[in-house]
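**Student:**
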Amino acid sequence: MVSLIFSLLLIGYGGAFIIGTKKKWPFFVCPDEKSANIFEQAQVSLKKVFGEDFLVSYNYLAGTALVGVGIWNLMGEFIF
C-alpha cells in the first residue's frame, strides 16, 4: 500500500513538473530569487548557473524521470 501511494506521488509530482513547465508556471520556469523558499532554491540555483533554457530542459527531464520511476514502481507492485 505504501508503495502504491509513493508511486502515485511520483507520477503526480513528475506530471506537475511537465505540465508546469509546459504552461510556464513561474515556480518551475522563472523562480524569483528574493522570495524563493526552500523548495525553490534548486530551481533558482540551476537558473542562475546554467540559464533558463537549461532549467526548462532539466524540468522536462526530471518530470519524465519521475513519471517513469513511478510507473516502474507500479509495475513492480502489480506484475512481479
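So in the numbering used here, spot 52 of the sequence shown is number 50, and the numbers just go up one at a time.
Virtual Cβ for every residue (Gly too), placed ideally from N, Cα, C.
Keep in mind it's a predicted model, so treat the numbers as computed, not measured.
Counting along the chain, where does the alpha helix (DSSP H) carrying Ser55 start and finish?
**Tutor:** Glu50 to Phe76
**Student:** May I have the straight-line CA-CA distance separating Leu7 from Leu72, to the nearest angstrom?
**Tutor:** 11 Å
**Student:** Can you give me the C-alpha to C-alpha distance between Gly61 and Val27, rounded to a whole angstrom?
**Tutor:** Each residue's Cα considered, the two are about 13 Å apart.
**Student:** Suppose only complete runs of 4+ residues qualify. What are the alpha helix (DSSP H) ranges in the region 26 to 50, listed by chain order?
**Tutor:** 39 to 48
**Student:** What residue range is occupied by the uninterrupted alpha helix (DSSP H) comprising Lys20?
**Tutor:** Val0 to Lys20
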